[in-house]
Amino acid sequence: MSGTAVTMVNVQVDGEWKQFPKGMRLIEACMQSGKFIPHYCYHPKLSSPGNCRMCLVELGMPKMTPDRKSVLGEDGRPELSWSPRPVISCATEVSEGMGVRTSSPLVEECRNGVMEFLLINHPLDCPICDKAGECRLQEFSVEFGKGESRLLEEKVKKPKRVDIGERIVLDDERCIMCSRCIRFMQEIAKDDVLGFLNRGSHTTLAVYPGKRLDSNYSLNTVDICPVGALTSKDFRFKMRVWFLKETKSIDVTCGTGSNIVISSRENIVRRITPRENDAVNSCWMPDSHRLNFHYLHSDDRLKEPAVRGLESPVAWKTALATAAEKLRGSRPEETAVIASARMTLEELFLVRRLAAALGVRNVDILPRPQKGDGFLVSDDGNPNTSGAKLLGLATGRLPEIAQAIEAGRVTKLVVLGEDAADCGISETALKSLDLLVAMGFLANKTTPHATVVLPSSAWAEKRGSMINVKGRLQRLNQAIQPPGQARDDWEILRDLIALLAGTNGLHSIEEVFRQVAAETPALQGLTLSRIGDLGIQL
Amino acid sequence: MSALHPTPHPKERRIIFENISKPGYAADIDTYIANGGYESLKKAVTMKPSEIIDAVKAANLRGRGGAGFPCGTKWSFIKYDDGKPHYIVVNGDESEPGTFKDRYILHQDPHQLIEGLAISAFATNTRLAYIYIRCEFPHAAKIVWKAIQEAKARGFIGKNLLGSGFDLDIYVHQGAGAYICGEETALLESLEGKRAYPRIKPPYFPAVLGLYMKPTIVNNVETLCHVKHILRIGAAEYARMGTPGDGGTRTMCVSGDVMRPGIYEFPCGAVTIRELIFDVCGGLKPGRTLKAVIPGGSSAKIMRAGEVYKIKGKGPDGTMVDKDLPMLDVVMDASTLQSVGTMMGSAGVMVLDDSRDMVWALNNLNQFYAHESCGQCTPCREGSLWMSKMTTRMLDGGGRDKDPKTLQDIANNIAGRTICAFGEACSWPTQSFLAKFPEEFEKAARS
Ligand SMILES: Cc1cc2nc3c(=O)[nH]c(=O)nc-3n(C[C@H](O)[C@H](O)[C@H](O)COP(=O)(O)O)c2cc1C
Ligand code: SF4
Ligand code: SF4
Ligand code: FES
Chain A
1 MSGTAVTMVN
11 VQVDGEWKQF
21 PKGMRLIEAC
31 MQSGKFIPHY
41 CYHPKLSSPG
51 NCRMCLVELG
61 MPKMTPDRKS
71 VLGEDGRPEL
81 SWSPRPVISC
91 ATEVSEGMGV
101 RTSSPLVEEC
111 RNGVMEFLLI
121 NHPLDCPICD
131 KAGECRLQEF
141 SVEFGKGESR
151 LLEEKVKKPK
161 RVDIGERIVL
171 DDERCIMCSR
181 CIRFMQEIAK
191 DDVLGFLNRG
201 SHTTLAVYPG
211 KRLDSNYSLN
221 TVDICPVGAL
231 TSKDFRFKMR
241 VWFLKETKSI
251 DVTCGTGSNI
261 VISSRENIVR
271 RITPRENDAV
281 NSCWMPDSHR
291 LNFHYLHSDD
301 RLKEPAVRGL
311 ESPVAWKTAL
321 ATAAEKLRGS
331 RPEETAVIAS
341 ARMTLEELFL
351 VRRLAAALGV
361 RNVDILPRPQ
371 KGDGFLVSDD
381 GNPNTSGAKL
391 LGLATGRLPE
401 IAQAIEAGRV
411 TKLVVLGEDA
421 ADCGISETAL
431 KSLDLLVAMG
441 FLANKTTPHA
451 TVVLPSSAWA
461 EKRGSMINVK
471 GRLQRLNQAI
481 QPPGQARDDW
491 EILRDLIALL
501 AGTNGLHSIE
511 EVFRQVAAET
521 PALQGLTLSR
531 IGDLGIQL
Chain B
1 MSALHPTPHP
11 KERRIIFENI
21 SKPGYAADID
31 TYIANGGYES
41 LKKAVTMKPS
51 EIIDAVKAAN
61 LRGRGGAGFP
71 CGTKWSFIKY
81 DDGKPHYIVV
91 NGDESEPGTF
101 KDRYILHQDP
111 HQLIEGLAIS
121 AFATNTRLAY
131 IYIRCEFPHA
141 AKIVWKAIQE
151 AKARGFIGKN
161 LLGSGFDLDI
171 YVHQGAGAYI
181 CGEETALLES
191 LEGKRAYPRI
201 KPPYFPAVLG
211 LYMKPTIVNN
221 VETLCHVKHI
231 LRIGAAEYAR
241 MGTPGDGGTR
251 TMCVSGDVMR
261 PGIYEFPCGA
271 VTIRELIFDV
281 CGGLKPGRTL
291 KAVIPGGSSA
301 KIMRAGEVYK
311 IKGKGPDGTM
321 VDKDLPMLDV
331 VMDASTLQSV
341 GTMMGSAGVM
351 VLDDSRDMVW
361 ALNNLNQFYA
371 HESCGQCTPC
381 REGSLWMSKM
391 TTRMLDGGGR
401 DKDPKTLQDI
411 ANNIAGRTIC
421 AFGEACSWPT
431 QSFLAKFPEE
441 FEKAARS
């Protein structure tokens with residue numbers, strides 16, 4: 001880091017002196033010291049309104065002499081005078097000589113009190129609440145609650161099942177008025193549509209009259225809502241969260257490569273949520289991207305290999321042998337390979353090997369320029385254009401290849417993970433090809449004309465790596481199994497190359513990556529595991 | 001009938017209320033000038049700004065809005081030449097139950113406020129001021145607006161006021177109807193056009209990050225009026241009227257079970273509770289005895305008739321000794337009331353006689369606070385309504401054994417743990433009623 005130096009200040013946390021950068025929020029300093037501070041309204045990426053009062057701690061300030069010097073104790077450290085009044089740690093910034101007590105009878109009493117207040121008007125409908133299992137109110141009740149209700153009166157009634165947006169339902173009775181959603185919409189999504197109505201205990205979250213919570217970032221409010229007040233229509237009542245398996249991966253809908261958690265159960269992806277990575281997407285992701293997974297389980301999935309003229313199902317061996325046989329000995333100028341920048345680095349590396357085995361120059365990927373939103377939707381609709389470029393596969397020759405196919409000069413085509421129809425190749429031209437090998441996971445306009453269909457895996461079903469538009473190398477992880485006979489793309493390619501050029505000794509994805517790294521100066525010394533969960537800037 | 005008695009009680013000294021309800025006195029500028037108006041401002045513009053602040057400090061003027069903060073000290077938080085715009089915001093939200101003094105100034109003597117405000121602005125290099133008037137005073141807003149226009153037309157405010165080279169613009173802003181708008185930071189939010197949610201302090205102290213995040217002074221209507229009189233009378237003379245820590249006069253609003261409720265003005269520390277009730281206000285209603293007094297607006301802790309407080313005072317040999325101070329002998333000034341565990345607050349004195357049921361009285365206050373909690377922070381939002389529901393149930397004959405203890409716990413879990421002082425305001429009544437009248441709450445709990 002260059003520029004202004006960070007001033008460090010000494011702060012006593014539960015009796016131990018530690019150093020923190022000046023201006024850091026006290027709650028963060030405590031958490032960094034391993035002292036958990038329960039909180040609702042505080043969020044590391046949002047401003048601190050200090051409204052929930054769950055993070056109250058005891059604060060000490062250095063005792064001062066009349067000439068404003070701090071009084072030092074025997075240990076040479078400032079002597080502290082403790083305020084009888086608790087303070088919120090979320091909006092207090094650390095300063096020199098400050099002291100904090102994160103657990104004491106007073107602090108416990110404060111937490112107990114706030115929990116009791118939050119629960120008296122809460123509907124306690126956990127059995128039917130989607131947030132159950134990941135609800136902060138539930139979590140802290142167990143830790144800091146009394147376990148009995150002293151409220152004898154009726155609870156406050158508020159609107160339930162309020163349709164506030166295209167993708168979100170609000171239950172006002174569950175809302176604890178932490179204002180996280182409001183602040184997110186103001187400060188991050190820059191679409192200030194949420195606010196509170198009424199006063200006191202009748203305070204009610206609502207959208208401004210005539211407005212809807214329809215921003216392409218609206219679902220982030222569901223993630224940060226500490227309770228089940230905001231729920232996703234897509235996920236509502238689908239699954240208890242504690243049954244979900246969580247897999248860390250990345251979004252492949254665009255070049256940003258937002259870090260995600262894939263939540264799945266029994267081979268079905270149930271939801272995608274953003275995973276914090278300050279170098280990429282902070283804590284957020286666009287709705288359009290997180291909901292872009294239902295096709296994983298669509299009827300269009302290719303599940304079995306197919307060979308034109310043979311009765312399906314055909315064995316993988318037969319399908320690959322057919323493709324290899326028809327490709328073998330073909331003249332390079334009559335052959336073309338169209339790959340996809342939605343493929344992983346490992347897969348694209350094998351595409352390059354395949355092209356080399358065939359000796360073809362006619363290789364390219366399909367570019368996907370688009371209008372981004374200046375935030376997390378990138379101008380590039382492909383997640384791995386940088387990877388394709390790094391491997392020399394983004395040749396820009398696609399228009400030329402398409403023309404050659406239309407003109408009949410190219411008669412053998414391998415299409416990997418794309419639809420030839422999207423590449424400017426007409427159906428007539430596809431029909432008149434001598435050979436069309438199509439690898440992919442969804443049926444498209446190309447598949448009906450394919451000589452050989454090779455069903456592969458979607459992003460949630462495999463491992464590998466990609467490089468985002470900013471040059472960050474990141475990892476995909478496998479959450480579920482591919483359907484039917486579908487196989488991992490890199491294995492299909494490896495087997496095909498082996499049939500064409502002899503075995504290549506690649507037995508695992510790690511080995512493929514090692515090969516990529518060995519042949520790519522920018523990746524020198526890297527391994528798949530070294531990329532880590534947060535990726536590596538190249 | 002006016003709330004101000006036509007002939008002042010001998011103990012009274014009317015400075016702020018001098019012209020209130022005076023026959024023939026009108027709110028227009030000619031009347032004001034004919035009664036010596038704007039002379040203090042003329043004097044002010046010949047003084048150095050720092051001299052004015054020193055005078056206000058020497059006068060021992062404390063804020064009259066409730067918190068009693070020393071006014072001169074508050075002003076000196078503003079750096080005269082920091083290159084930033086400064087604002088003065090006049091708190092005319094007057095909504096504390098039992099408090100009804102500012103309304104008389106706003107309706108009947110607006111130029112007194114404008115003059116005080118102009119002096120304050122001159123002293124603190126403030127070019128823009130707002131007078132925030134609660135929405136329930138629509139007529140006052142019109143009167144003050146008109147007064148501003150008049151003062152501008154005569155050159156008392158506006159560009160180059162009184163040829164001093166100093167510019168001042170004043171605007172009236174009408175509130176939207178919430179008690180919390182009187183809390184100074186909520187008021188600033190409201191003035192900025194937002195929901196009146198009090199700000200967290202730190203970091204949003206008005207003097208540092210006030211209106212539009214600029215250094216801002218928020219003062220009560222009456223406080224600023226006093227400034228005019230400090231310059232008129234002279235700081236030393238003004239200070240001498242009051243007690244060492246509390247200079248000048250103080251208006252009081254007396255309501256409840258006395259023969260002559262109304263507004264009064266005394267030199268600070270001039271009356272005891274006994275004098276106020278039995279002498280100034282004509283005593284209790286026939287056949288009634290005194291039960292309790294809430295001395296400083298609804299938030300102030302209640303005092304029980306017959307109580308004797310232990311306070312520190314000078315003994316005959318000059319050393320500090322414990323002294324007994326009977327409730328009726330408590331002097332109505334900030335430090336004495338504080339030393340007996342309550343406060344002068346907004347000087348809204350509420351008198352309760354033996355016809356009053358204390359559960360009923362507390363429930364009345366609880367309902368007000370539950371209705372007025374802004375709802376921003378958890379303890380006050382949930383606790384204020386819960387307390388109110390409990391006292392309502394107790395009053396309706398549904399009391400349970402544990403109620404007093406639960407009420408006490410709720411109040412203890414609010415006070416000191418909220419964003420703004422409303423937390424204390426709404427829990428002090430419960431805490432003090434329970435402490436002072438336990439038998440009534442125990443009885444209601446058994447019903
Ligand atoms: C809940 C609450 C309500 C308040 N209402 C008023 C009010 O109506 N008028 C007022 O002048 N001050 C009110 N105050 C006090 C103000 O916050 C502030 O202290 C005062 O306006 C400062 O002026 P002063 O120093 O001249 O007294 C209120 C405070 C609280 C906590
Ligand atoms: S809906 Fe959720 S995030 Fe929004 S204020 Fe309520 S509890 Fe907080
Ligand atoms: S204490 Fe009450 S009035 Fe003040 S901010 Fe909190 S909820 Fe609002
Ligand atoms: S986390 Fe600090 S007040 Fe909510």
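Read top to bottom, the protein sequences are chains A and B.
Here our numbering is used: the first residue of the first sequence is 1, the next is one more, and so on.
Here our numbering is used: the first residue of the second sequence is 1, the next is one more, and so on.
Where a beta carbon is used, it is the ideal one built from N, C-alpha and C, also for glycine.
Here the structure is a predicted model, which is why all the values come from computation and not from measurement.
Practice prompt. Measure the Cβ-Cβ separation of Thr411/A and Glu334/A and say whether it is below 8 Å.
Written response: To locate residue 411/A, count along the first sequence from 1; it is residue 411. To locate residue 334/A, count along the first sequence from 1; it is residue 334. Closer than 8 Å, so yes.
query = Which term fits Gln431/B, buried or exposed, when burial requires 16 or more other beta carbons within 10 angstroms of its beta carbon?
reply = Translated into positions along the second sequence, residue 431/B becomes position 431. Answer is buried; the Cβ neighbour count reaches 16.
task = Report, in whole angstroms, the separation of the C-beta atoms of Val11/A and Met98/A, which I expect to be a contact under 8 Å.
result = Against the first sequence, residue 11/A aligns to sequence position 11. Against the first sequence, residue 98/A aligns to sequence position 98. Right, their Cβ atoms sit about 5 Å apart.
* Asked: Residues with a Cβ closer than 6 Å to any heavy atom of ligand 3, in chain order?
  -> Ile180/B, Pro198/B, Ser373/B, Cys374/B, Gly375/B, Gln376/B, Cys377/B, Cys380/B, Arg381/B, Thr418/B, Ile419/B, Cys420/B, Phe422/B, Gly423/B
Say yes only if the C-beta of Asn51/A is nearer than 7 Å to one or more non-hydrogen atoms of ligand 4, and no if none qualify.
As a first step, residue 51/A is located in the first sequence; it is residue number 51 there, counting from the start. Within the cutoff, so yes.
Per-residue DSSP class, three states only, for Thr46/B:
For this step, residue 46/B is matched to residue 46 along the second sequence. Reduced to three states, the DSSP call for Thr46/B is coil.
Extract the residue ranges of the alpha helix (DSSP H) inside the stretch 169–218 of chain B, only unbroken runs of 4 or more that lie entirely within it.
184–191, 206–209
- Taking 8 Å as the CB-CB cut-off, is Gln149/B touching chain A? Translated into the one-based positions of the second sequence, residue 149/B becomes position 149. No, Gln149/B does not count as interfacial toward chain A.
Residues near Gly440/A by beta carbon distance below 7 Å, same chain, minus five either side: Reading the first sequence from its first residue, position 440 is the one you call residue 440/A. So the qualifying residues of the chain are Leu302, Gly417, Ser456.
Next on the checklist: For a contact defined as C-beta to C-beta under 9 Å, what are the partners of Ile419/B on chain A?
Outcome noted: Counted from its first residue, the second sequence places residue 419/B at position 419. Correct list: Pro49, Gly50, Asn51, Arg53, Ile88.
Extent of the continuous alpha helix (DSSP H) to which Met390/B belongs = For the purposes of this step, residue 390/B is identified with residue 390 of the second sequence, where counting begins at 1. Its alpha helix (DSSP H) spans residues 378–395.
**Asked** For Met1/A, does the three-state DSSP call read helix, strand or coil?
**Response** Here residue 1/A is taken as the residue at index 1 of the first sequence, counted from 1. Unreliable positioning characterises Met1/A in this predicted model, as indicated by a pLDDT of 44, which lies under 50. The coordinate reading is nonetheless provided below. Coil, per DSSP.
Notebook entry, point to check: Can you tell me where the alpha helix (DSSP H) with Arg290/A in it begins and where it stops?
Noted result: The count along the first sequence starts at 1 and reaches residue 290/A at position 290. Run containing Arg290/A: 287–290, per the alpha helix (DSSP H) assignment.
| field | Proximity to Glu18/B [Cα-Cα], best of Asn219/B, Gly177/B, Ile105/B, Val89/B | value | Counting from one through the second sequence, the residue named residue 18/B turns up at place 18. Checking every option, the nearest Cα to that of Glu18/B belongs to Ile105/B.
Nonlocal neighbours in the same chain, by C-beta distance under 8 Å from Lys79/B, ignoring five residues either side
For the purposes of this step, residue 79/B is taken as residue 79 along the second sequence, with counting starting at 1. Excluding residues within five positions, the ones whose Cβ falls inside 8 Å are Pro215.
Subject >> Closer than 8 Å to chain A by CB, Glu382/B >> reply: The residue you call residue 382/B lines up with position 382 of the second sequence. With 8 Å as the cut-off, Glu382/B counts as an interface residue toward chain A.
For the stretch 76–127 of chain B, which segments carrying the beta strand (DSSP E) assignment without a break, of at least 3 residues, lie completely within its bounds, in sequence order? 87–92
Alpha-carbon to alpha-carbon, Arg475/A and Ile531/A: Locating residue 531/A in the first sequence gives position 531, counting from the first residue. Locating residue 475/A in the first sequence gives position 475, counting from the first residue. Spanning the two alpha carbons is a distance of roughly 7 Å.
With a floor of 4 residues, list each alpha helix (DSSP H) that falls wholly inside the stretch 170–243 of chain A, ordered by position along the chain.
180–183, 219–224
Output the distance between the C-alpha atoms of Gln19/A and Met8/A, rounded to the nearest integer angstrom. Locating residue 19/A in the first sequence gives position 19, where the first residue counts as 1. Locating residue 8/A in the first sequence gives position 8, where the first residue counts as 1. Approximately 6 Å, taken between the alpha carbons.
Stretch pair the stretch 276–296 of chain B + the stretch 349–365 of chain B: three plus CB contacts closer than 8 Å: yes
Straight-line gap, Ala370/B to Thr203/A (C-alpha atoms, nearest Å)
Working through the second sequence from its first residue, we reach residue 370/B at position 370. Working through the first sequence from its first residue, we reach residue 203/A at position 203. If you take the alpha carbons of Ala370/B and Thr203/A, they lie about 12 Å apart.
Report task. Note down the Cα distance separating Leu430/A from Cys423/A, rounded to an integer number of angstroms. Result -> Residue 430/A sits at position 430 when you count from the first residue of the first sequence. Residue 423/A sits at position 423 when you count from the first residue of the first sequence. Near 11 Å, if we compare the C-alpha coordinates of Cys423/A and Leu430/A.
Looking at the unbroken beta strand (DSSP E) that takes in Gln370/A, where does it start and where does it end?
By one-based count along the first sequence, residue 370/A stands at place 370. Taken as a continuous stretch (DSSP letters only), Gln370/A belongs to no beta strand (DSSP E), as it is neither H nor E.
Discussion item. Let me check understanding here. Comparing Cα to Cα, which of Leu376/A, Val360/A, Asp373/A, Ala404/A lies closest to Leu393/A?
Written reply: Position 393 of the first sequence, counted from the start, is the residue given in the question as residue 393/A. Among Leu376/A, Val360/A, Asp373/A, Ala404/A, the Cα nearest to that of Leu393/A is on Val360/A.
Flag this pair as yes or no: are the beta carbons of Cys426/B and Arg199/A separated by less than 8 Å? Indexing the second sequence from 1 puts residue 426/B at position 426. Indexing the first sequence from 1 puts residue 199/A at position 199. Not in contact: Cys426/B and Arg199/A (Cβ atoms no closer than 8 Å).
Can you check DSSP and say which residues form a bridge with Thr272/B?
Taking the second sequence and counting its residues from 1, the one referred to as residue 272/B is at position 272. For Thr272/B, which the question treats as bridged, DSSP gives the partners Val331/B.
Span of the alpha helix (DSSP H) around Glu442/B: As a position in the second sequence, residue 442/B is number 442, starting the count at 1. Note, Glu442/B: alpha helix (DSSP H), 438–446.
In the DSSP assignment, the alpha helix (DSSP H) including Asn51/A goes from what residue to what residue? Here the question's residue 51/A lines up with position 51 in the first sequence. Asn51/A -> no alpha helix (DSSP H), and no H or E assigned at all.
Check your understanding: Looking only at its own chain, which residues have a Cβ that is under 8 Å from the Cβ of Ala445/B, when we skip the five neighbours before and after it?
Key -> One-based indexing of the second sequence puts residue 445/B at position 445. Closer than 8 Å at Cβ, skipping near neighbours: Met394, Gly399, Arg400, Asp401, Lys402, Asp403, Pro404.
| To which residues of the same chain is Cys380/B closer than 7 Å at the C-beta, ignoring the five residues directly before and after it? | Counting from one through the second sequence, the residue named residue 380/B turns up at place 380. Around Cys380/B: Ser373, Ile414, Thr418, Phe422, Gly423, Cys426.
Glu150/B to Thr249/B span [Cα, whole Å]: Mapped onto the second sequence, residue 150/B falls at position 150. Mapped onto the second sequence, residue 249/B falls at position 249. Roughly 28 Å separates the two Cα atoms.
For Arg352/A, three-class secondary structure by DSSP:
Numbered from its first residue, the first sequence carries residue 352/A at position 352. Helix, per DSSP.
At a cut-off of 7 Å, would you count Leu205/A as near ligand 2, judging by its Cβ distance to the nearest heavy atom? Stepping through the first sequence from its first residue, residue 205/A is reached at position 205. Correct: Leu205/A has its Cβ closer than 7 Å to ligand 2.
To the nearest angstrom, how far is the alpha carbon of Ser2/A from that of Leu523/A?
Translated into positions along the first sequence, residue 2/A becomes position 2. Translated into positions along the first sequence, residue 523/A becomes position 523. With a pLDDT of 48 at Ser2/A, under the threshold of 50, the predicted position of this residue should be treated as unreliable, and no value is reported.
inquiry  = Quick check on DSSP: helix, strand or coil for Phe448/B?
reply    = Look at the range of chain B in this structure, 1 to 447, and you will see that residue 448/B is not part of it.
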